[in-house]
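Protein chains in written order, with my numbering: chain R, 1 to 114; chain D, 1 to 110. Let me begin by presenting the structure, written as structure tokens, before commenting on it.
Right, dumping it as structure tokens:
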């Protein structure tokens, strides 16, 4: 069973550096979501794609954040000029066209900005 | 921002006991879902209840929804040590993005 995969699982970086995370959704899931989760809190929505189109972005997604899903399959989330406040777990989820309400989450990428 | 609050924030019970947690939300919803998260891992979907439903069962899980009070409850019956996790409610609205609560941390002691 191939679920949602995310790479890397962990990333440690220095403040000011750029980082990029990758999400591979479940095959043929047309929707892909990014969330951010800080310690002790629930996940917060960042953005989502339907196929290759980015349909909504949260106000949490500052100009330093950019997400892409160029071919409607995998997605990347890039954070430029990282800040210590960006330290969090970044979760990706996908959902199928016929049951879009249910999202299947990946294991997340844990980012630590020093 | 978080949609609502979960109560209690933490819960400790003995194996075999029932665990009940509540979730309140603020805006109109299409559905409400419950997810489980084991320490430091991704979320696992448990159950979804639509806004026109009042109660739903799945195995040892029972979910209720009261849209007039904007609240939901999750009951886990006959808990097991493997149920130890954080439980999050999430409301789904237009576009199906989920808005999560802060979670309830459940510890089931053997």
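C-beta: ideal position from N, C-alpha, C; glycine also.
Residue 21/R to residue 87/R, Cα distance in whole Å?
-> On the first chain, position 21 is the one that residue 21/R refers to. On the first chain, position 87 is the one that residue 87/R refers to. If I take the Cα positions, the gap works out to 13 Å.
What's the C-alpha gap between residue 69/D and residue 80/R?
-> By one-based count along the second chain, residue 69/D stands at place 69. By one-based count along the first chain, residue 80/R stands at place 80. Taking the straight line joining both Cα atoms gives about 42 Å.
Relative to the C-alpha of residue 39/R, which residue among 89/R, 94/R, 102/R, 95/R is closest?
-> Indexing the first chain from 1 puts residue 39/R at position 39. When only C-alpha atoms are compared, the closest one is 89/R.
Using a Cβ cut-off of 8 Å, which residues of the region 94-110 of chain R contact any Cβ in chain D, in chain order?
-> Flagged, chain order: 95, 100, 101, 102, 103, 104, 105, 106, 107, 108, 110.
Would you check if the distance between the CB atom of residue 56/D and the CB atom of residue 43/D is smaller than 9 Å?
-> Position 56 of the second chain, counted from the start, is the residue given in the question as residue 56/D. Position 43 of the second chain, counted from the start, is the residue given in the question as residue 43/D. The answer is no: Cβ separation not under 9 Å.
Residue 25/R classed as buried or exposed, judged by whether at least 16 other C-beta atoms fall within 10 angstroms | Stepping through the first chain from its first residue, residue 25/R is reached at position 25. Under this definition residue 25/R is a buried residue.
What residues are listed by DSSP as bridge partners for residue 74/R?
-> In the first chain, residue 74/R corresponds to position 74, counting from 1. Paired residue(s): none; residue 74/R is not in a bridge.
Closer than 7 Å at the beta carbon, the chain R residues around residue 99/D | Working through the second chain from its first residue, we reach residue 99/D at position 99. The contact set of residue 99/D on chain R, defined by CB atoms closer than 7 Å, consists of 45 in chain order.
Proximity test, Cβ basis, 9 Å: residue 44/D and chain R = As a first step, residue 44/D is located in the second chain; it is residue number 44 there, counting from the start. The beta-carbon of residue 44/D is placed less than 9 Å from the nearest beta-carbon of chain R.
Please confirm whether residue 91/D and residue 21/D have their CB atoms less than 9 Å apart.
-> In the second chain, the residue the question calls residue 91/D occupies position 91. In the second chain, the residue the question calls residue 21/D occupies position 21. With a cutoff of 9 Å on beta-carbon distance, residue 91/D and residue 21/D are scored as not near each other.
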